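First to last, the protein sequences are chains G and U.
One point on numbering: in my numbering, the residue at position 250 of the first sequence is 250, and numbering is uninterrupted.
Adding 345 to a residue's 1-based position in the second sequence gives its number in my numbering.
Ideal Cβ placement from N, Cα and C applies to all residues, glycine included.
The structure displayed is predicted, hence computed values, not measured ones.
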Amino acid sequence: MSGRDEPIVLGIETSCDETGVGLVRGHTLLANTIASSMEEHARFGGVVPEVASRAHLEAMAPTVESALDKAGLRFSDIDAVAVTAGPGLAGALLVGVAAAKAYALGLGVPLYGVNHLAAHVAVDQLEHGPLPKPSIALLVSGGHSSLLLVPDVAQDVISLGSTVDDAAGEAFDKVARVLGLPFPGGPHIDRSATSGSGTAIAFPRGKYDDGTLDFSFSGLKTAVARWVEARTAAGETVPVADVAASFQEAVVDVLTRKALQACRRYDVKDLLIGGGVAANSRLRALAQERCDAAGVRLRVPRPGLCTDNGAMVAALGSELVAAGIRPSALDIPADSSLPITAVHV
Amino acid sequence: MLVLALDTATPAVTAALHDGSRVLAESTTVDARRHGELLAPAVERVLRDCDASLRDVTVIVAGSGPGPYTGLRVGLMTASALAATVGVHAYGVCTLDAIAFASGRTEPFLVATDARRKEVFWARYGDARTRLDGPRVDRPHDLPAELPVIGAGARMYAETIGGDRVGDPEYPSAGALAALAAEHLAGLAPERAAELARVPDGRIDSVEQASGLAVLGPARPIYLRRPDAQIPGAPKKVLEQARRGEPRDERGVVSGQ
Ligand SMILES: [Zn+2]
Chain G
1 MSGRDEPIVL
11 GIETSCDETG
21 VGLVRGHTLL
31 ANTIASSMEE
41 HARFGGVVPE
51 VASRAHLEAM
61 APTVESALDK
71 AGLRFSDIDA
81 VAVTAGPGLA
91 GALLVGVAAA
101 KAYALGLGVP
111 LYGVNHLAAH
121 VAVDQLEHGP
131 LPKPSIALLV
141 SGGHSSLLLV
151 PDVAQDVISL
161 GSTVDDAAGE
171 AFDKVARVLG
181 LPFPGGPHID
191 RSATSGSGTA
201 IAFPRGKYDD
211 GTLDFSFSGL
221 KTAVARWVEA
231 RTAAGETVPV
241 ADVAASFQEA
251 VVDVLTRKAL
261 QACRRYDVKD
271 LLIGGGVAAN
281 SRLRALAQER
291 CDAAGVRLRV
301 PRPGLCTDNG
311 AMVAALGSEL
321 VAAGIRPSAL
331 DIPADSSLPI
341 TAVHV
Chain U
346 MLVLALDTAT
356 PAVTAALHDG
366 SRVLAESTTV
376 DARRHGELLA
386 PAVERVLRDC
396 DASLRDVTVI
406 VAGSGPGPYT
416 GLRVGLMTAS
426 ALAATVGVHA
436 YGVCTLDAIA
446 FASGRTEPFL
456 VATDARRKEV
466 FWARYGDART
476 RLDGPRVDRP
486 HDLPAELPVI
496 GAGARMYAET
506 IGGDRVGDPE
516 YPSAGALAAL
526 AAEHLAGLAP
536 ERAAELARVP
546 DGRIDSVEQA
556 SGLAVLGPAR
566 PIYLRRPDAQ
576 IPGAPKKVLE
586 QARRGEPRDE
596 RGVVSGQ
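Right under this line is the structure:
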């Protein structure tokens, strides 16, 4: 199959606060439409699951319609439906899974329940073409911090390490709060850090030399909070830009260090970075620098494909169709703790 | 007319096909934790039982609750997505109305279903077809006295309500839901039918007392409760916390006040 003959896959993503709908033909992106409930969560300082679930139910039909419009397609053009079956927020996942089953049933096309993390990996193929086998993937967002070995994104993904406490994006949110910056914290810290020095304050780097490929960001987050409080208590002005830059440097130093350790350990020459934190400018820069030094090729999808979206789910679905994987049954559950060993369910 | 009806607002996951005069097929499974797994296969099953295809369906109706939200959303999401693919209208009908309708009662009574947190969703009826008040959410001992109470909420709180007041049915059936909807859809002008199905703009949360007393409405949930979420205050001081040995949850936010 190639070009216009390739099947069109509808992808649905509702694992957190974004209602994502994507349409993909083979490796070609046709539409990537997102409705976010982030504004409603901002005042709570974090994603509220029930608020997210309510928003998904309301946003689903209009978002699907808008994706079809954008792609110039009709429901009858869809050849398969893929959906995030996990991991994620249970109630939020369930809305997407129910929708996907109904679309598949209503259209009489196969359903593919897929793993959210594997979808973050598969999406890069829409931008940079087929993923070398194997690749290493570093996925960093408010919900995950994972290092994966990816022999084949359609059927074989192996977890090498993950965070033992906070996700990297979570640490960004919490430090932003300590610094009085808005939620979600990532973009604000990134911006603030551009006018600060990453070496101004020596914040701790958790699990830096422990030989594992796991991460820890909880100690760093607490260290930043203590540092800021001590200045405030002493009546000093907090140098927000320097704190942001030094905190950010500590996070990206650990992330890129472990990612390249993984490349070395498994003798892999291709590194992919995905997830919302992949939009961080310092992470991109340092990763590029270290990849160049190590002779590793770096792939980072554009920001709209890094954050949670429906195109990534469609991209993985498309991969499963091409690989001749058997479709999912209509009774698959939404699994909030779906392991990465289950690329599809 | 071929009505596909479904309801997931109670532990009963139920789907049925109705031709405007009778139930052609029905599937009901009671399992409070597996609405997401059970519903789509149930829809498939009732279609197969009638040798019908979704393309034959002319209208889709879902119980709009009130009911535990996670399960409730499965039915409404399924109904609206199916309707979009088939190109028919999707309606919501208050789940308590379907239970009332199935009872066939001619005297006043209450319907009560489990709302969790030691509360019930309830409404008051003049007869099987006439809702007079509700739906609301309250504690069982706050229900109006003396009237008979049907629905699983009555059975759960029989001690509070009084065993002699408890009646059937316990759960909604999609067959009854379809029959009730069919009654209201018959003779409805196409423009009026389209108007009733249209989902209004604006957040559901702002119209929680959504359904009023009309039987047919858009396929959207009746929530009756706002999401549990607290707006955080200023970040607590880590140093003070450490000194006072206050507990912190795993997200690093101070628990308690
Ligand atoms: Zn994600």
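How would you label residue i, buried or exposed, when you count the other beta carbons within 10 angstroms and need 16 or more for buried?
{"i": "E585 of chain U", "result": "In this predicted model, E585 of chain U has a pLDDT of only 41, less than 50, meaning its place in the structure is not dependable; the value taken from the coordinates is given anyway. Its Cβ having fewer than 16 others within 10 Å, E585 of chain U is exposed."}
{"i": "H41 of chain G", "result": "buried"}
{"i": "P315 of chain U", "result": "Beyond the ends of chain U as shown, which are 346 and 602, falls residue 315 of chain U; an answer cannot be given."}
{"i": "D299 of chain U", "result": "Chain U is shown only over 346 to 602; residue 299 of chain U falls outside these bounds and no answer can be derived."}
{"i": "E382 of chain U", "result": "buried"}
{"i": "P592 of chain U", "result": "Note that P592 of chain U scores 31 on pLDDT, short of 50, meaning its location in the model is unreliable and no value can be drawn from it."}
{"i": "G211 of chain G", "result": "exposed"}
{"i": "L533 of chain U", "result": "exposed"}
{"i": "T163 of chain G", "result": "buried"}
{"i": "R368 of chain G", "result": "Since the first residue shown for chain G is 1 and the last is 345, residue 368 of chain G is missing from the structure and cannot be characterised."}
{"i": "Y208 of chain G", "result": "exposed"}
{"i": "E58 of chain G", "result": "buried"}
{"i": "E249 of chain G", "result": "buried"}
{"i": "A357 of chain U", "result": "buried"}
{"i": "Q602 of chain U", "result": "Low confidence applies to Q602 of chain U: its pLDDT is 23, below 50, so where it sits in the model is not reliable, and the reading given next is rough at best. It is exposed - the Cβ of Q602 of chain U has fewer than 16 other Cβ atoms within 10 Å."}
{"i": "V375 of chain U", "result": "exposed"}
{"i": "I273 of chain G", "result": "buried"}
{"i": "Q554 of chain U", "result": "Because Q554 of chain U carries a pLDDT of 48, less than 50, the predicted location of this residue cannot be relied on, and the following value inherits that uncertainty. Classification for Q554 of chain U: exposed."}
{"i": "E236 of chain G", "result": "exposed"}
Thinking just about the alpha-carbon of each residue, which of the options is nearest to the one in residue i?
{"i": "L399 of chain U", "options": "U:R510, U:A424, U:A503, U:S518", "result": "U:A424"}
{"i": "L138 of chain G", "options": "G:P184, G:L57, G:V277, G:P327", "result": "G:V277"}
{"i": "N309 of chain G", "options": "G:L298, G:E50, G:V157, G:V123", "result": "G:V123"}
{"i": "V64 of chain G", "options": "G:V47, G:A99, G:A92", "result": "G:A99"}
{"i": "H188 of chain G", "options": "G:R282, G:H144, G:L111", "result": "G:R282"}
{"i": "F203 of chain G", "options": "G:L320, G:V254, G:P182, G:G274", "result": "G:V254"}
{"i": "H116 of chain G", "options": "G:A323, G:T194, G:C306, G:G324", "result": "G:C306"}
{"i": "P327 of chain G", "options": "G:K101, G:G20, G:C16", "result": "G:K101"}
{"i": "G206 of chain G", "options": "G:T199, G:S197, G:S216", "result": "G:S216"}
{"i": "G508 of chain U", "options": "U:A519, U:L492, U:T403", "result": "U:L492"}
{"i": "D152 of chain G", "options": "G:D209, G:I273, G:A118, G:D173", "result": "G:A118"}
{"i": "Y502 of chain U", "options": "U:A468, U:V358, U:D459, U:R469", "result": "U:D459"}
{"i": "A429 of chain U", "options": "G:A311, G:A171, G:P62, G:A322", "result": "G:P62"}
{"i": "P480 of chain U", "options": "U:A527, U:L392, U:V456, U:V431", "result": "U:V456"}
{"i": "L160 of chain G", "options": "G:L148, G:A154, G:G108", "result": "G:L148"}
{"i": "P184 of chain G", "options": "G:G46, G:A293, G:G20", "result": "G:G46"}
{"i": "H434 of chain U", "options": "U:R571, U:A564, U:R570", "result": "U:A564"}
{"i": "G26 of chain G", "options": "G:I34, G:S36, G:D5", "result": "G:D5"}
{"i": "Q53 of chain G", "options": "U:L417, U:R390, U:C395, U:V402", "result": "The sequence given here has Ser at residue 53 of chain G, not Gln. Closest option to S53 of chain G, Cα to Cα, is U:L417."}
{"i": "L392 of chain U", "options": "G:L68, G:A225, G:E170, G:G108", "result": "G:G108"}
{"i": "C291 of chain G", "options": "G:K258, G:L320, G:G304, G:S15", "result": "G:K258"}
{"i": "G304 of chain G", "options": "G:S15, G:C16, G:G22", "result": "G:G22"}
{"i": "V544 of chain U", "options": "U:A531, U:I567, U:G412", "result": "U:I567"}
{"i": "R297 of chain G", "options": "G:G324, G:V268, G:A279, G:A311", "result": "G:V268"}
For residue i, which residues does DSSP report across the bridge?
{"i": "F215 of chain G", "result": "G:T163"}
{"i": "H344 of chain G", "result": "G:V114"}
{"i": "L455 of chain U", "result": "U:R469, U:V494"}
{"i": "L149 of chain G", "result": "G:I136, G:I158"}
{"i": "A230 of chain G", "result": "Beta-bridge pairing links A230 of chain G to no other residue."}
{"i": "G86 of chain G", "result": "G:N115"}
{"i": "N32 of chain G", "result": "G:G22"}
{"i": "R450 of chain U", "result": "Answer is none; R450 of chain U lacks a bridge partner."}
{"i": "I8 of chain G", "result": "G:R25"}
{"i": "G562 of chain U", "result": "U:G437"}
{"i": "G507 of chain U", "result": "Beta-bridge pairing links G507 of chain U to no other residue."}
{"i": "H144 of chain G", "result": "According to DSSP, H144 of chain G bridges with nothing at all."}
Kindly examine ligand 2 and report whether one of its heavy atoms sits closer than 7 Å to the Cβ of residue i.
{"i": "R537 of chain U", "result": "Among the ligands present in this structure, namely ligand 1, ligand 2 is not found."}
Could you tell me which chain A residues have their CB closer than 7 Å to the CB of residue i, listed as they occur along the chain?
{"i": "Y103 of chain G", "result": "No chain A appears in the structure shown, which is made up of the protein chains G and U."}
Relative to ligand 1, what is the chain-ordered list of residues with a Cβ closer than 5 Å to any of its non-hydrogen atoms?
-> G:S141, G:D308
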